[in-house]
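Report on the structure given below.
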Ligand SMILES: [Zn+2]
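Residue numbers (the working numbering), protein chains in the order written: chain U, 5 to 391; chain X, -9 to 134.
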């Protein structure tokens, strides 16, 4: 693989845009990333577009029809919650392989007010729909129970998980791109309506609309186009799926594929978790963030609770260490599925390049960032960026 | 009349639940590595990558709670709160099901009281299908 750099990034504030079309949302992010990169659409040689909810809608092509029909190869990517980060990786591979010199990754989703629950019986007789009759297979149950495994093994408490939601909401107050920017107290989180134990309302990510884009270039193009600006290198871009476990039919294992991806990414990048300046990880639920502290080796096995109690994951401005989800994470920044994985990359890039867009929450002296996404099914990506 | 009772008889909610002669679950076991699947048929084994052969194995009606969640928000028609649990069976496979006869408030207040709790399978009618058959589910309750 050749060296690949992120030349430009753009995203729209996550929220609700019922008056806009999906190609418009994605197109806005693309135009913002192109402007940031200082290039025009006709310089882009390849486009990977991530959208999950309407994966058959050809949004890659419709975004080109919105911002520039240049005739380039374009692909549509769907990979559960890892849709955006998989599109980013496709763009990375297209440049890293030497096939193209400039590629664009965009992730976009318009979820409206649909519940996170989703699912249902389809065309079959609803009498046989298992949800609620044979337990729950929906995301709140799966990620809630992933946290329960930690509780079972290590005595972790609901309060530990609730503290993650408090941190996330506090971080988001400094991010103008976040969907929710209101602080909540530990008491408010713990007393909020329970969705699926152990996660209360504030411990579950919202649905919403959003888009994010990134321009990826080869080293030659970086020299030509960056105008002396330092740009982050993609030091690792890893994608994994879940290996067999005896509980697969009942409870997907969301940890092993994350651990494998993290190990592979650290090895490829030639760094360890202690070298990370910041991490954006997949906190679809507070219980998920807790187990990923250990899966990504940010703390020792079984010590996620202690890590949280000692200020782990908090922004250094708040007196914390090992900053995690300084953007507000999925819990507060939002989780428009296809956009999430690319938005993570934007956040890392902004800190590594001292970009104005991260000004209020800049992690001091940021040099290495890790972005992690997991989608049920399951797919996991870990991207490491260095400067 | 015999014909009518057959067309109107109860049906299991999933194919791996068998109602006769007594309600029980059936898995497909890989002859090579022993992995058990809760599907009607398998063309190959995801664990050992062999083509089996696969044979039916009757699963125990007793198990232990691995983990659980208490669901407070669900689809219309599903009564909440209810406990969803992952039940480990002695044959080395796990199933997902509702846990009944255990108070949801107690589960939330003292979650450790549920981990490893011995449970037994019971069946009950949960719906009527479009053809008028009773639909039967399996669930678990604390072992008496
Ligand atoms: Zn096998």
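Built from N, CA and C at the ideal position, the CB exists for glycine as well.
Since we're looking at a predicted model, the values are computed, not measured.
Between residue 111/X and residue 128/X, the beta carbon gap of about 5 Å places them in contact (Cβ cut-off 8 Å). Using beta-carbon distances, residue 137/U counts as an interface residue toward chain X, with a partner under 8 Å. Annotation: residue 34/X has no Cβ neighbours in chain U at a cutoff of 7 Å; minimum Cβ distance is about 12 Å.
For residue 343/U, there are no C-beta contacts with chain X under 8 Å, since the nearest C-beta of that chain is about 24 Å from it. Contact between residue 10/U and residue 347/U does not hold, since their C-beta atoms are separated by about 13 Å, which reaches or exceeds 8 Å. Boundaries of the alpha helix (DSSP H) harbouring residue 89/U: 87 to 100, taken from the DSSP string.
Here residue 154/U is buried. Its C-beta has 16 or more other C-beta atoms within 10 Å.
Ligand 1 has a heavy atom closer than 7 Å to the beta-carbon of residue 40/X. The three-state reading of DSSP puts residue 52/X in strand, counting E and B together.
At least one CB atom of chain U sits nearer than 8 Å to the CB of residue 119/X. Here DSSP, grouped into helix, strand and coil, assigns residue 92/X to coil. Of the residues assessed, residue 291/U falls on the buried side of the cut-off, its CB having 16 or more other CB atoms within 10 angstroms.
At least 8 Å separates the beta-carbon of residue 45/U from that of residue 216/U. Boundaries for residue 102/X: no beta strand (DSSP E) harbours it, and the DSSP string shows neither H nor E there.
A straight-line Cα-Cα distance of about 40 Å links residue 64/U and residue 87/X.
Listed as beta-bridge partners of residue 79/U by DSSP are 52/U. Taken in chain order, the unbroken stretches of alpha helix (DSSP H) that lie wholly in the stretch 119 to 176 of chain U and span 4 residues or more are 143 to 158, 162 to 176. For residue 116/U, the closest Cβ of chain X is not nearer than 8 Å.
For residue 134/U, the chain X residues whose C-beta falls within less than 9 Å of its own C-beta are 3, 4, 86, 127, listed in chain order.
Listed in chain order, the positions of the stretch 63 to 88 of chain X with a beta carbon within less than 9 Å of a beta carbon of chain U are 63, 64, 65, 67, 68, 69, 70, 71, 72, 73, 74, 75, 76, 77, 78, 82, 83, 84, 85, 86, 87, 88. Cα atoms of residue 22/U and residue 172/U: separation of roughly 26 Å, rounded to the nearest angstrom.
DSSP places residue 200/U in the strand class (E or B) of the three-state scheme. Around the beta carbon of residue 23/X, a 10 Å sphere encloses fewer than 16 other beta carbons of the protein chains shown; the residue is thus reported as exposed. Per the C-alpha coordinates, the member of 361/U, 243/U, 169/U positioned closest to residue 294/U is 169/U. By DSSP's assignment, residue 263/U forms no beta bridge with any residue.
Taken through DSSP and simplified to helix, strand or coil, residue 20/X comes out as strand. For the stretch 298 to 341 of chain U, the full-length alpha helix (DSSP H) segments reaching 4 residues or more read 308 to 313, 333 to 337 along the chain. At the C-beta level, residue 26/U and residue 69/U stay beyond 8 Å of one another. Taking residue 279/U as reference, the option from 74/U, 369/U, 157/U, 311/U with the minimal CA-CA separation is 369/U.
Taking 8 Å as the CB threshold, residue 103/X stays off the interface with chain U. At a cut-off of 8 Å between beta-carbon atoms, residue 99/X makes no contact with chain U. Contact check for residue 31/U against residue 81/U fails: the beta carbons are separated by 8 Å or more. At a cut-off of 8 Å between C-beta atoms, residue 9/X does not count as an interface residue with respect to chain U.
Counting other Cβ atoms within 10 Å of its Cβ, residue 379/U reaches 16 or more and is therefore classed as buried. Taking C-alpha positions only, residue 120/X is separated from residue 0/X by approximately 13 Å. Sequence-distant Cβ neighbours of residue 37/X in its own chain, meaning closer than 8 Å and more than five residues away, are 20, 23, 25.
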